[in-house]
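Chains as they are written, first to last, in our numbering: chain R, 384 to 751; chain P, 384 to 751. The beta carbon of each residue, even a glycine, is placed where N, CA and C say it ideally should be. These figures come from a predicted structure and were not determined experimentally. Written out below as structure tokens is the structure these notes cover.
There are 2 protein chains.
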Amino acid sequence: MVPRSSPLVASRLDEFRLIRDLHRRFGRTGPAVVCGIGDDAAIIRPSPGRHLILTTDLLAEGIHFNLGTATLEDVGYKAAVANLSDIAAMGGIPHYVLVAVALPASRRPAEVEQFYQGLMGACRSHGVQLVGGDTSASLRSVFISLTMTGSVEPRRALTRNGARVGDLVYVTGTLGDSLAGLTLFATGRTPRSAGSAGRKRFLLHGDRYRRALMLRHLRPTPRIGEGRLLSTQRLATAAIDVSDGLSGDLAHVCEQSGVGAEIEASALPLSPACRAYAAAAGLDPVGIALRGGEDYELLFTVPPHKRATLERRAREAGYRFSRIGTIRPKRIGLRLKGIDGVSRRLEILSYRHFQAGQTTQREAAWSR
Amino acid sequence: MVPRSSPLVASRLDEFRLIRDLHRRFGRTGPAVVCGIGDDAAIIRPSPGRHLILTTDLLAEGIHFNLGTATLEDVGYKAAVANLSDIAAMGGIPHYVLVAVALPASRRPAEVEQFYQGLMGACRSHGVQLVGGDTSASLRSVFISLTMTGSVEPRRALTRNGARVGDLVYVTGTLGDSLAGLTLFATGRTPRSAGSAGRKRFLLHGDRYRRALMLRHLRPTPRIGEGRLLSTQRLATAAIDVSDGLSGDLAHVCEQSGVGAEIEASALPLSPACRAYAAAAGLDPVGIALRGGEDYELLFTVPPHKRATLERRAREAGYRFSRIGTIRPKRIGLRLKGIDGVSRRLEILSYRHFQAGQTTQREAAWSR
């Protein structure tokens with residue numbers, strides 16, 4: 384039993400008072416927030432006629448991020464993007480965030496402020512307001528839990544289970560940049576290889592490519608606008624965000640839709656920076672695109688008769704949508720047509736953070 | 384980088400598959416849930432014409448609970464009650480819960496199932512459905528994050544900032560039972576004292592009192608019905624749930640309302656079991672009532688002209704509401720009129736879990 388007068392408690396209370404001040408500072412909200420931070424719960428006036436989207440993520444130090452190599456600002460930013468991307472993958476508009484943080488005594492107030500800077504930096508870009516939170520001590524490591532809400536029009540949400548045989552498989556943006564950027568952080572400034580022409584090309588572009596890949600790793604873009612186009616115009620039958628790697632996330636869609644798929648290696652969208660990186664490092668760029676996690680691109684399926692409309696709307700909006708394959712019957716499984724034209728079973732090359740005490744791609748992907 | 388074929392990952396995946404199965408089993412939902420567990424996010428058809436309530440809590444092993452002395456079923460139950468009670472304190476109806484759990488490899492699947500049993504036991508009693516979750520590994524300790532949603536009619540929410548000078552202060556149920564029950568767990572089966580008449584009286588009622596107090600500690604009741612009466616009938620000007628102790632939670636209301644308060648010691652509602660426990664243990668029952676945390680009773684303020692209506696409606700509904708004091712001007716501060724009739728400054732005797740590495744009441748309160 385620790386009465387308030389204990390000096391040890393007082394010092395901890397000071398720290399938590401600082402966090403409450405941060406909550407107030409970052410928790411300025413608009414007119415739809417009837418009651419924000421500081422009461423038993425938040426009260427929100429919901430968007431009339433819309434459905435509510437809810438998503439939650441728990442991030443554990445040593446599993447999802449490593450504070451020896453990542454800053455709490457990076458962690459905050461990517462935590463927000465992971466949630467924003469979940470809402471994008473449902474075709475929704477993000478609205479509110481609640482954040483719960485457990486901190487060991489060793490973390491300095493400035494680091495906590497950095498975390499909120501990163502978190503709210505990503506949230507504010509999409510009009511997301513901080514409406515609630517919980518702060519607690521932790522014995523050893525930092526734990527962060529985010530809950531984000533959004534909204535979507537009735538019958539317009541993009542789910543994982545609507546893909547049908549014959550649908551075309553698309554992906555937004557480019558794949559593999561985040562993994563390439565991560566590897567640049569992990570292994571030094573330029574890829575090692577046997578003095579190839581690729582290395583020369585990568586070095587020729589020098590800082591520009593390096594910065595582009597590192598930025599894609601540290602500050603990925605949630606595809607909110609793209610998701611909204613797909614949902615409001617009813618263009619997609621299924622969607623998911625690429626957080627575990629294209630092959631693994633495609634497997635989720637196929638499993639839940641009861642279908643198979645065939646992907647064409649030559650159609651996978653790669654950035655010039657990622658191609659140059661792969662050449663310089665002596666790696667297969669297709670492998671990077673298939674297994675790279677945390678690109679936060681959208682993977683979605685489109686009925687063939689909507690293809691022309693989709694591609695026209697994408698051009699008008701300036702979105703990059705690449706057609707990478709076709710939904711096939713379930714018995715076909717997941718297949719990859721290689722650059723050589725030969726169709727093979729697609730290996731699921733996701734990297735997961737299920738293994739404690741060992742560096743995983745997911746953990747590494749939060750490092751810098 | 385850990386491909387799926389790694390045997391270590393496979394064993395962890397099996398475990399997480401079990402948790403996904405639990406999610407599916409406990410995640411059966413009604414027609415308002417458009418999309419539940421298994422997609423990027425949950426989609427809910429909101430209650431028309433109502434405001435949305437959002438609350439989140441993060442519970443850390445070693446801070447909020449100790450798995451050496453509490454079961455994960457206890458932890459799950461009380462985690463749900465803490466969130467249900469937040470919604471009760473806003474005058475709302477609880478609807479949906481999202482749960483994120485980080486587990487070290489040392490936790491057995493059966494324990495994880497117990498956690499969901501406890502959590503959903505409390506949730507189902509109030510019609511709350513599990514719609515989302517996130518599961519992760521943790522290096523050492525268990526972390527649990529709950530987010531609960533609810534709804535309330537526009538302009539009917541009970542906030543902390545509406546108390547006015549002259550309002551009457553009420554509390555539901557009885558106070559201090561949870562702390563007494565905790566102490567019985569912590570110190571053995573009966574209170575120690577110098578062979579007093581009180582000890583004889585406590586022993587006379589033996590198992591009945593002991594069980595009643597322990598049950599109030601392990602399975603507290605969120606006051607949803609009481610909160611709804613106060614909000615729908617516009618009877619309260621402010622409300623909070625007693626989670627940190629009456630004195631501390633009264634201080635929150637007074638601070639946010641810009642007022643003071645005077646409480647009468649003789650009016651504090653104590654159960655016969657708690658009175659007998661206090662007598663047997665040689666403790667002041669008023670002290671137990673003022674500092675006992677986790678009673679999850681509602682503390683609320685009522686304008687004097689609504690007193691008769693409030694007390695009639697409480698009788699009709701079978702609710703126990705006790706008038707324990709009056710809201711006073713801010714300059715008066717918080718005062719307690721003792722059993723001796725003398726008014727003193729009310730000490731804030733809340734116990735907090737801000738201090739890592741030391742047993743706090745909040746931690747102990749999760750133990751058994």
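Indicate the three-state DSSP secondary structure (helix, strand or coil) for residue i in the structure shown.
| i | result |
| --- | --- |
| residue 513 of chain R | strand |
| residue 577 of chain P | Per-residue confidence for residue 577 of chain P stands at a pLDDT of 44, beneath the threshold of 50, marking its modelled position as unreliable; no derived number is given. |
| residue 609 of chain R | helix |
| residue 419 of chain P | coil |
| residue 595 of chain P | helix |
| residue 615 of chain P | helix |
| residue 567 of chain P | helix |
| residue 601 of chain P | helix |
| residue 540 of chain P | coil |
| residue 589 of chain R | helix |
| residue 718 of chain P | strand |
| residue 504 of chain R | helix |
| residue 700 of chain P | helix |
| residue 405 of chain P | helix |
| residue 528 of chain R | strand |
| residue 729 of chain R | coil |
| residue 435 of chain R | strand |
| residue 561 of chain R | helix |
When burial is assigned at 16 or more other CB atoms within 10 Å of the CB, is residue i buried or exposed?
| i | result |
| --- | --- |
| residue 458 of chain R | buried |
| residue 665 of chain R | exposed |
| residue 404 of chain R | exposed |
| residue 438 of chain R | buried |
| residue 484 of chain P | buried |
| residue 699 of chain P | exposed |
| residue 658 of chain P | buried |
| residue 590 of chain R | exposed |
| residue 625 of chain P | buried |
| residue 577 of chain P | For residue 577 of chain P, the predicted structure reports a pLDDT of 44, less than 50, and the residue's modelled location is therefore unreliable. A value from the coordinates is still provided. Exposed, because fewer than 16 other Cβ atoms sit within 10 Å of the Cβ of residue 577 of chain P. |
| residue 406 of chain R | buried |
| residue 744 of chain R | Any reading at residue 744 of chain R must be qualified, since the residue scores a pLDDT of 35, below 50, and its modelled position is unreliable; the value itself is stated next. Burial call: buried. |
| residue 727 of chain P | exposed |
| residue 711 of chain R | buried |
| residue 722 of chain P | exposed |
Report the neighbours of residue i on chain R: residues whose CB is nearer than 8 angstroms to its CB, in chain order.
| i | result |
| --- | --- |
| residue 376 of chain P | Outside the shown range of chain P, which is 384 to 751, sits residue 376 of chain P, and nothing can be said about it. |
| residue 515 of chain P | 437, 438 and 439 |
| residue 679 of chain P | Simply none; closest approach about 11 angstroms. |
| residue 469 of chain P | 423 and 424 |
For residue i, which residues in chain P fall below 8 angstroms Cβ to Cβ?
| i | result |
| --- | --- |
| residue 434 of chain R | 417, 426, 427, 428 and 429 |
| residue 473 of chain R | 418, 422, 423, 424 and 426 |
| residue 479 of chain R | 437 |
| residue 710 of chain R | What residue 710 of chain R touches in chain P: nothing, since even the nearest Cβ is about 18 angstroms away. |
| residue 485 of chain R | 441, 443, 446 and 526 |
| residue 540 of chain R | 417, 418 and 426 |
| residue 404 of chain R | The premise fails here: residue 404 of chain R is roughly 15 angstroms from chain P at the closest Cβ pair, so nothing lies under 8 angstroms. |
| residue 624 of chain R | 423 |
Name, please, each residue of chain R whose Cβ falls closer than 9 angstroms to the Cβ of residue i.
| i | result |
| --- | --- |
| residue 522 of chain P | 443, 444, 445, 446, 523, 524, 739 and 740 |
| residue 519 of chain P | 440, 441, 442, 443, 446, 447, 736 and 737 |
| residue 786 of chain P | No information on residue 786 of chain P is available, as it lies outside the stretch 384 to 751 that chain P covers here. |
Quick one: which chain R residues come within Cβ less than 7 angstroms of residue i?
| i | result |
| --- | --- |
| residue 510 of chain P | Those within 7 angstroms of residue 510 of chain P in chain R number zero; the least Cβ separation is about 17 angstroms. |
Chain P partners of residue i, CB-CB under 9 angstroms?
| i | result |
| --- | --- |
| residue 555 of chain R | Within 9 angstroms Cβ-Cβ: nothing; residue 555 of chain R doesn't reach chain P, min ~14 angstroms. |
Under 7 angstroms Cβ-Cβ, which residues of chain P neighbour residue i?
| i | result |
| --- | --- |
| residue 543 of chain R | 422 |
| residue 530 of chain R | 439, 481 and 530 |
Runs of beta strand (DSSP E) wholly within the region 623–695 of chain P (minimum 3 residues, chain order)
Listed in chain order, they are 643–647 and 681–685.
Is there contact here, the region 630–649 of chain R with the region 544–554 of chain R, by at least three beta-carbon pairs under 8 angstroms?
Yes, they touch.
Can you give, in chain order, each stretch of the beta strand (DSSP E) that sits fully within the region 440–500 of chain R and has at least 3 residues?
Runs found: 476–486.
Would you check if the region 554–569 of chain R and the region 479–486 of chain R touch, i.e. whether three or more CB-CB distances between them fall below 8 angstroms?
No contact exists between the region 479–486 of chain R and the region 554–569 of chain R.
Would you check if the region 527–547 of chain P and the region 418–429 of chain R touch, i.e. whether three or more CB-CB distances between them fall below 8 angstroms?
Flag = yes, the region 418–429 of chain R and the region 527–547 of chain P touch.
For the region 492–510 of chain R against the region 439–458 of chain R, are there 3 or more C-beta pairs whose distance is under 8 angstroms?
In short, these stretches touch, since the Cβ pair count reaches three.
So, do the region 594–608 of chain P and the region 467–475 of chain P have three or more beta carbon pairs nearer to each other than 8 angstroms?
By the C-beta criterion, the region 594–608 of chain P is judged to be in contact with the region 467–475 of chain P, since at least 3 inter-stretch pairs fall below 8 angstroms.
Would you call the region 522–536 of chain P in contact with the region 427–438 of chain P, where contact means no fewer than 3 C-beta pairs closer than 8 angstroms?
Contact holds: three or more Cβ-Cβ distances are below 8 angstroms.
State whether the region 690–706 of chain P contacts the region 633–642 of chain P, with contact taken as three or more CB pairs (one from each stretch) at a distance under 8 angstroms.
With a cut-off of 8 angstroms on Cβ pairs, the region 690–706 of chain P is not in contact with the region 633–642 of chain P, counting fewer than three such pairs.
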